[in-house]
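The listed protein sequences correspond, in order, to chains A and B.
Mapping of the first sequence onto our numbering: position 27 corresponds to residue 27, and the numbering continues sequentially without gaps.
Numbering-wise, our numbering comes out as the position in the second sequence, counting from 1, plus 1000.
Backbone N, C-alpha and C define an ideal beta-carbon position, used for all residues, glycine too.
Please read all numbers here as calculations on a predicted model, not as lab measurements.
Beneath this line is the structure, given in structure tokens, with notes to follow.
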Amino acid sequence: MQALYAQLLVGLINGSFYALLSLGLAVIFGMLNIINFAHGAVYMMGAFCAYFLLHLMGIGYWPALIIAPIVVGIFGMILERTMLQWLAGLDHLYGLLLTFGLALIIQGVFQNYFGSSGLPYAIPDELKGGMNLGFMFLPIYRGWVVIFSLVVCIATWYLIEKTRLGANLRAATENPKLVRAFGETVTLLKCVARGWNGLFSRRIASGPDTARKAPEAPAALDWLSFRICDCRW
Amino acid sequence: MKNKIISSLLLGTALTLASASFALAQDKNVKIGALSDQSGLYADLGGPGSTLAAQMAAEDSGLTAKGWKIEIISGDHQNKPDIGTTLARQWFDVDKVDTIVDVPNSGVALAVNTVIKEKNGVYINSGAATSDLTNAQCSPNTVHWTYDTYMLAHTTGQALVKAGGDTWFFLTADYAFGAALERDTTSVITANGGKIVGGVKHPLNTSDFSSFLLQAQSSKAKIIGLANAGGDTTNSIKQAAEFGIVKGGQKLAALLLFLTDVKAIGLETAQGLNFTETFYWDMNDQTRAFSKKFAARMKNGAPPTMVQAGVYSGLMHYFKALEALGGNPHDGIKVVEKMKSMPTDDPLFGKGEIQPNGRTIHSAYLFEVKKPSESKGPWDFYKLVGTVPGDQAFTPLADSKCALLKK
């Protein structure tokens, strides 16, 4: 029985990791219609960003939780402006091929300079240790991941399904021409969207471009999930 | 007219004979294939670093100045025996490779072993661990240079049992290597009065060990033996720290640990681990000099692991044998016999010998991972705890089941 409880909890923890991992992928596919094969690679860049912040600048876990998504988000914007935007409206396959190629390049460059082994990133002091639940030892960090994963998933659902921002976002996916007709609303939404850390900003803020793909959303989401997971490996 | 024909026939025969004997005695072309995991969980301990080590051996051998032409190619076996054997066959049949070096991953190494025997090539294995390469599955074409599971079991394993770790739980990579390491360590544990209380097998290249570690934790064994390597070992150790396994009083036995693994784990978590290697970059002036040259040519500035150092030393010995033969006979058995007949002596592994079963004998060193406060540089990780002479570290010939010994 003890083993069963322990394995159930391990399953829950791993489920949370996977939920965070796949959230960005699901949102990008659902909202932006892009099969983002570079998801994992961009996710890794988020991890490297946090690693560099710590090892080159001495910036720890908590500030990195804010800074790294912005940095990777900017990278996503550059990708969108320079490459992905030209594929808007084409078959899914083109986006797939492009992002797959990007993934191979990013992965190759990082592997060339940093090797294939993981790089150490210590768990912050606040999240170290664990508690004995009787049937198993639960590392606090993993408990934090479960909570964070729940919060991020619910917040994303709420944002997309229940807010005006989300409604506009969905509308823009369904019928970009009609949304463009409400130009003013789109401009107003700019600030709100930017407040959400560029998560969906490109898509809303650039009214006339709404039909174009916005990989910075994936990047930011990737990053959030990544930041949580990276201490693990 | 008749004379003319005869003389030209004679001349033709003489030319053919001359070129044939020229080929036998004077062929100075060597082609070497470095077969490794180039991008997976063993890529940092072998991979591109092993190819570099092979190139450095070719440069340092001084053979090029004596008219030899040495070519080195590399390949990625992706940790899959079928890909490894296909590549090896292609190298022998199409690319006319003479020698294959490195080949980490025991599963691939054993599969490639049979191909090389069939093609009569030379096999200098550095990366694989299984002691079967020079025991049950030994071959007259094979030299197993760096280390093996028997050595790991009789050094790290034995030291831990003697220090009181008499109950063991194994976390084993589920393929030839894990099985061999668990088998060899188990025999040492039971011979020393210890007991195996359980074990669990995990697939190669696992990222999440929490379920396995919980089983190990609840087994209450004093020692959790990690019969895995590379990325699997670093993941197990990092996650074991997270689950408070060491703080809970259990000890981790990193039966096989490489320099790059310690780097990946970080000294904070890795400190105090006991393990065995046959090479460390910071042993003496010669190893330091080589490692400095090596690191300068590595993209990430890493000094050589014992596997990469083994590729270098193994090839240096191979080149010495070729030079002694006066040319490349393109006959694997002949070259390996020559290698076995010469004592080994190189700057990285010191003096040693190759036994008739293909096992290279040299000293093994027991190390302990330094505390972060003791480390003076980015790769200053090991503290030397003890030295085991080669004849005690490796399989005694009397215990070897190798068919080559029954001649």
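Hey, quick one: how far does the alpha helix (DSSP H) through Leu4(A) stretch, first residue to last?
Gln2 to Leu32
Looking at the secondary structure, which residues open and close the alpha helix (DSSP H) in which Asp1261(B) lies?
Leu1259 to Ile1265
Pairing CB atoms from the region 1105-1119 of chain B with CB atoms from the region 1173-1188 of chain B, are three or more of them under 8 Å?
Three or more pairs of CB atoms, one per stretch, sit closer than 8 Å, so the region 1105-1119 of chain B contacts the region 1173-1188 of chain B.
C-alpha distance - Ser1210(B) paired with Ile1245(B), whole-angstrom precision
11 Å
DSSP state of Asn1235(B) mapped onto helix, strand, coil
helix
Tyr1150(B) lies in the alpha helix (DSSP H); which residues open and close that run?
Thr1149 to Leu1152
Simplified DSSP assignment, three categories, for Tyr1312(B):
helix
Looking only at C-alpha atoms, which of Asp1282(B), Phe1349(B), Glu1268(B) and Gly1049(B) sits nearest to Asp125(A)?
Glu1268(B)
Helix, strand or coil at Lys1119(B) according to DSSP, with G and I counted as helix:
helix
Could you give the C-beta distance for Gly1199(B) and Glu1182(B), rounded to a whole number, given that I count them as a contact under 8 Å?
7 Å
Taking the C-alpha atoms as reference points, what is the distance between Asn112(A) and Lys177(A)?
45 Å
Under 8 Å, do Gly115(A) and Asp1076(B) count as touching if we go by C-beta distance?
no
How about Leu1252(B) and Ile1224(B): are their beta carbons less than 8 Å apart?
yes
Can you list, in chain order, the stretches of the beta strand (DSSP E) that have 3 or more residues and sit fully within the region 1031-1102 of chain B?
1069-1076 and 1099-1102
Counting only beta-carbon atoms, is Phe1279(B) nearer than 8 Å to chain A?
no
For His1144(B), three-class secondary structure by DSSP
strand
Using only the alpha-carbon positions, how far apart do Thr210(A) and Pro69(A) sit?
Because the pLDDT at Thr210(A) is just 29, under 50, the model does not fix this residue reliably, and the value given afterwards should be weighed accordingly. Distance between the alpha carbons of Thr210(A) and Pro69(A) is about 22 Å.
If contact is defined by three or more beta carbon pairs under 8 Å, each pair taking one atom from either stretch, is the region 1312-1330 of chain B in contact with the region 1052-1067 of chain B?
yes
For the region 1207-1226 of chain B, which residues have a CB atom closer than 9 Å to at least one CB atom of chain A, in sequence order?
Ser1207, Asp1208, Ser1210, Ser1211, Leu1214, Gln1215, Gln1217 and Ser1218
Could you tell me which chain A residues have their CB closer than 9 Å to the CB of Asn1300(B), listed as they occur along the chain?
Asn112, Tyr113, Phe114 and Gly115
Which two residues bound the contiguous alpha helix (DSSP H) that contains Pro69(A)?
Tyr61 to Thr82
Rounded separation between Thr1146(B) and Asn1125(B) - CA only:
8 Å
Leu65(A): which of Phe148(A), Ile160(A), Leu169(A) and Thr156(A) sits nearest, CA to CA?
Phe148(A)
Check the C-beta distance from Val1122(B) over to Gly1310(B) and give it rounded, since I have them as a contact under 8 Å.
Between Val1122(B) and Gly1310(B) the beta-carbon gap is near 15 Å, outside 8 Å, which marks them as no contact.
Helix, strand or coil for Tyr1135(B)? Go by DSSP, reduced to three states.
Just to set this straight, residue 1135(B) is Asn in the shown sequence, not Tyr. Coil, per DSSP.
Is the beta carbon of His1362(B) closer than 8 Å to that of Gly1350(B)?
yes
Excluding the 5 residues preceding and the 5 following Gln1055(B) in the sequence, name in chain order all residues of the same chain whose CB lies nearer than 7 Å to its CB.
Ile1072
Quick one: what's got a C-beta closer than 6 Å to Arg1359(B)'s C-beta in the same chain, skipping five residues either side?
Thr1134, His1144 and Phe1394
Please report the distance separating the alpha-carbon of Phe1319(B) from that of Val1388(B).
Roughly 28 Å separates the two Cα atoms.
Just to confirm the assignment, what range does the alpha helix (DSSP H) spanning Ile140(A) have?
The continuous alpha helix (DSSP H) containing Ile140(A) extends over residues Ile140 to Lys162.
Identify every residue that forms a DSSP beta bridge with Met131(A).
Leu138(A)
With DSSP as the reference, label Ala1253(B) as helix, strand or coil.
strand
Quick check on Gly130(A) - is its C-beta less than 8 Å from some C-beta in chain B?
yes
Output, in sequence order along the chain, the residues in the region 1234-1261 of chain B whose CB is closer than 8 Å to any CB in chain A.
Thr1234, Asn1235, Lys1238, Gln1239, Glu1242, Phe1243, Gly1244, Gly1248, Thr1260 and Asp1261
For Ala6(A), return the contacting residues in chain B, with the cut-off set at a CB-CB distance below 7 Å.
Leu1214
Spell out whether any CB of chain B is found under 8 Å from the CB atom of Tyr141(A).
Yes, Tyr141(A) counts as interfacial toward chain B.
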